[in-house]
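Inspection log for the structure reproduced underneath, given as structure tokens.
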Amino acid sequence: MLEEELRAKFSLKEDALAQFLENEAQIKPDDTKLISEPDISLWVTKGSILNPTTLVIKGRYVFTGDISPSNLLLLLNEDRTKWDTSIMHQEILKKLSDSIHLFYYVTEPALSSSLPGDFVEKRVRFVKDSVYYGYCSSVPEKVVASKEIYSRGKTIFGGSILKQEEGRNVYYSFSQVKLKVFADVMW
147 MLEEELRAKF SLKEDALAQF LENEAQIKPD DTKLISEPDI SLWVTKGSIL NPTTLVIKGR
207 YVFTGDISPS NLLLLLNEDR TKWDTSIMHQ EILKKLSDSI HLFYYVTEPA LSSSLPGDFV
267 EKRVRFVKDS VYYGYCSSVP EKVVASKEIY SRGKTIFGGS ILKQEEGRNV YYSFSQVKLK
327 VFADVMW
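Here is the structure:
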């Protein structure tokens, strides 16, 4: 029953999801620029339509060199433990369809006095008009209970867009995550 319930909840229309992701990737006047380099830009803003009080972090990364978008996505998403030292463990719990997976990962503690965080997310990936889209958000705790040695983090939403711009791969990412170690009033 739970699997059928999850399939129904996670079946999203690609056009609507692509439009949501494109909107979230846009830099808005209230966004605060943190980093501005030729190939890397990072912004932060307070809130989204899904949660008006928690920070949203947005990034734009330009990849030069001869790498296909599909290979770049494999590198960025499929096994982050090879390059992201904050990821302690990751696994696909269940493939609900070719484009929808339940994903579990454990991160290093955000602060030295805090517990490692664990996340259970639904991840949706699809291609529309040669643009690669990704979306993730947390699933209910009953899907996979958090172990006592971890602090369950909540991904309100995360997204990514990979597209060609002027012959280069440009990757947009954005996330809104709630961790128990951070206060919502940080900014």
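Heads up, the sequence shown is in the working numbering, so the first residue is 147 and it goes up one at a time. We treat Cβ as the ideally placed atom computed from N, Cα and C, and that holds for glycine.
How about serine 243: is its C-beta nearer than 8 Å to some C-beta of chain D?
-> Included in the structure is just one protein chain, with no chain D present.
For glutamate 170, does the three-state DSSP call read helix, strand or coil?
-> DSSP places glutamate 170 in helix when its eight states are reduced to three.
Residue closest to tryptophan 189, alpha-carbon to alpha-carbon, out of Pro198, Arg206, Asn197 | When each option's Cα is compared against that of tryptophan 189, the closest is Arg206.
Distance between beta carbons of serine 245 and arginine 271, contact taken as under 8 Å | Going by Cβ atoms, the distance from arginine 271 to serine 245 rounds to 5 Å, so yes, they are a contact pair.
Same chain, Cβ closer than 6 Å to lysine 293, five either side skipped, listed in chain order = Leaving aside the five residues that flank lysine 293 on each side, none in its chain has a CB nearer than 6 Å to its CB.
Helix or strand or just coil, what does DSSP make of serine 216?
-> In this structure, serine 216 counts as helix in the three-state DSSP scheme.
Could you tell me whether the region 232-242 touches the region 209-221, using the rule of 3 or more Cβ pairs below 8 Å?
-> Taking 8 Å as the limit for Cβ pairs, the verdict is that the region 209-221 does not touch the region 232-242.
Run the CB neighbour count on glycine 263, radius 10 Å, all protein chains shown included, and call it buried at 16 or more, exposed below.
-> Buried.
Extent of the continuous beta strand (DSSP E) to which asparagine 315 belongs | Start and end: 314-324.
For the candidate residues Lys159, Val316, Glu254, Ile173, whose alpha-carbon lies nearest to that of threonine 231?
-> Of the residues Lys159, Val316, Glu254, Ile173, the one whose Cα lies closest to the Cα of threonine 231 is Glu254.
In chain order, which beta strand (DSSP E) runs of at least 3 residues are fully inside the region 187-268?
-> As far as the region 187-268 is concerned, its whole beta strand (DSSP E) runs of at least 3 residues are 201-209, 233-241, 246-253.
Starting from the C-beta of leucine 196, find all residues in its chain whose C-beta is less than 6 Å away, skip the five residues before and the five after it, and write them out in chain order.
-> Apart from the 5 residues on each side of it in sequence, leucine 196 sits with its Cβ closer than 6 Å to the Cβ of Ile302, Phe303 in its chain, given in chain order.
Same chain only: Cβ atoms within 6 Å of glutamine 165, ignoring 5 sequence neighbours per side = There are no such residues.
C-alpha distance - tyrosine 279 paired with lysine 309, whole-angstrom precision | Distance between the alpha carbons of tyrosine 279 and lysine 309 is about 9 Å.
Within 8 Å, strictly: CB atoms of glutamine 322 and serine 216 | Taking 8 Å as the Cβ cut-off, glutamine 322 and serine 216 do not qualify as a contacting pair.
Glutamate 311 in three-state terms, based on DSSP | In the structure shown, glutamate 311 sits in a strand (DSSP, three-state: E or B).
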